[in-house]
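In the working numbering, the protein residues as written are 1 to 97.
Here it is, written out as structure tokens:
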């Protein structure tokens with residue numbers, strides 16, 4: 001009998017925590033239970049994506065500029081934040097930081 005995907009992944013040296021528990025892949029709720037996942041882990045279409053950090057200096061300046069503009073334009077009681085989780089559906093979680 002051929003090896004299962006889990007057996008193949010373990011044999012390749014892939015850490016077990018990086019193997020999805022369902023055939024459809026990872027779901028957004030799974031990220032809350034993956035303390036081993038590195039910072040800046042994203043979930044796109046059921047697949048874990050590991051962003052490199054820190055971002056380039058130009059990216060940092062752009063993000064800071066957008067945050068400043070949003071904070072200045074925000075009405076009373078509305079706050080702009082960066083590096084937060086945005087859940088689109090159960091297979092796509094913007095970022096887990």
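Don't be surprised by glycine CBs; every beta carbon is placed ideally from N, CA and C.
Hey, quick one: how far does the alpha helix (DSSP H) through residue i stretch, first residue to last?
{"i": "residue 68", "result": "57-73"}
For residue i, which three-state DSSP category applies?
{"i": "residue 78", "result": "coil"}
{"i": "residue 27", "result": "coil"}
{"i": "residue 97", "result": "Note that residue 97 has pLDDT 42, beneath the 50 cutoff, so the model's placement of it is unreliable and the number below is only indicative. It is coil, neither helix nor strand."}
{"i": "residue 10", "result": "helix"}
{"i": "residue 1", "result": "coil"}
{"i": "residue 88", "result": "strand"}
Could you work out which residue in the options is closest to residue i when comparing CA atoms only?
{"i": "residue 64", "options": "52, 80, 75", "result": "80"}
{"i": "residue 24", "options": "9, 47, 39", "result": "47"}
Identify the continuous beta strand (DSSP E) that holds residue i and give its terminal residues.
{"i": "residue 42", "result": "41-44"}
{"i": "residue 16", "result": "It is not in any beta strand (DSSP E) - residue 16 carries neither H nor E in the DSSP assignment."}
{"i": "residue 48", "result": "47-50"}
Taking 9 Å as the cut-off, decide whether the C-beta atoms of residue i and residue j are in contact.
{"i": "residue 51", "j": "residue 42", "result": "yes"}
{"i": "residue 31", "j": "residue 37", "result": "yes"}
{"i": "residue 26", "j": "residue 35", "result": "no"}
{"i": "residue 11", "j": "residue 3", "result": "yes"}
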